[in-house]
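**Student:** For the sequence shown, our numbering gives the first residue as 902, with consecutive numbering after it.
Beta carbons are placed, not taken as given, at the ideal position from N, Cα and C, and that holds for glycine.
Remember, predicted model here, so these are calculated numbers, not experimental data.
If you scroll down you'll find the structure; I have some questions about it.
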Amino acid sequence: AFEVGPLRARSLGSVFIPVRGGRTLLAVTGELHNPTSAPVRPESPVWVELLDADGVALDLPAARAGSVLDPEMLRDLGPDERAQLQQGAFAAFAAGAVPAGRHVAFAAYFEDAPPGARRVAVGARDRAATSPSDLP
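Shown next as structure tokens:
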């Protein structure tokens, strides 16, 4: 699991979502778990980075994690509409606290992810994740 302050990112998964214009979104999903006895907000935004099979970051910007969006809705939106929807998901995710002993789902979306993406790293933007996880 990846640590984001006192929170732990776990249960990582991925799915490809075909969208308008013949493009494909890669949705990397997971849960942010709070093992403490008090509600906790992420200390900073949570980011997901795509890595190759050796754990080297791909030449692609990291994606900010937010609340999970409905794949059916994403399929029907253009790039600008998806970006606007994702901004709302970032804000909703950042505003919420993870209840004590519970978890919240998150997702990060990549437009046209390269075929070399085999692993992911999850963490705060200012701190590199220490142990990448295979891309499910």
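Could you tell me which of 986, 924, 977 and 919 sits nearest to residue 965, measuring between CA atoms?
**Tutor:** Cα-wise, what sits closest to residue 965 is 986.
**Student:** Look at residue 905 and residue 949 and say whether their C-beta atoms are less than 7 angstroms apart.
**Tutor:** No, the pair does not count as a contact, with Cβ atoms beyond the cut-off.
**Student:** Can you find the residues in the same chain that come closer than 6 angstroms, C-beta to C-beta, to residue 934, ignoring five residues on each side of it along the sequence?
**Tutor:** Correct list, in chain order: 909, 911 and 1004.
**Student:** May I have the straight-line CA-CA distance separating residue 938 from residue 996, to the nearest angstrom?
**Tutor:** Their Cα atoms are separated by approximately 19 angstroms.
**Student:** Between residue 1025 and residue 932, which are expected to be in contact by the criterion C-beta below 8 angstroms, what is the C-beta distance as a whole number of angstroms?
**Tutor:** In fact, because the Cβ distance is near 17 angstroms, the residues do not count as touching under 8 angstroms.
**Student:** Ends of the beta strand (DSSP E) at residue 928?
**Tutor:** 924-934 is the extent of the beta strand (DSSP E) around residue 928.
**Student:** Under 7 angstroms, do residue 940 and residue 984 count as touching if we go by C-beta distance?
**Tutor:** It is not a contact, given that the beta carbons lie outside the stated cut-off.
**Student:** Buried or exposed: which applies to residue 943, given that a residue is buried once 16 or more other Cβ atoms fall within 10 Å of its Cβ?
**Tutor:** Result: buried.
**Student:** How long is the line joining the alpha carbons of residue 962 and residue 1011, rounded to whole angstroms?
**Tutor:** If you take the alpha carbons of residue 962 and residue 1011, they lie about 9 angstroms apart.
**Student:** If you draw a straight line from the C-alpha of residue 969 to the C-alpha of residue 990, how long is it?
**Tutor:** Those two C-alpha atoms are separated by around 7 angstroms.
**Student:** For residue 903, collect the residues of the same chain with a Cβ closer than 6 angstroms to its Cβ; drop the 5 residues on either side in sequence, then sort them by chain order.
**Tutor:** Only 910, 1023, 1024 and 1030 meet the Cβ criterion.
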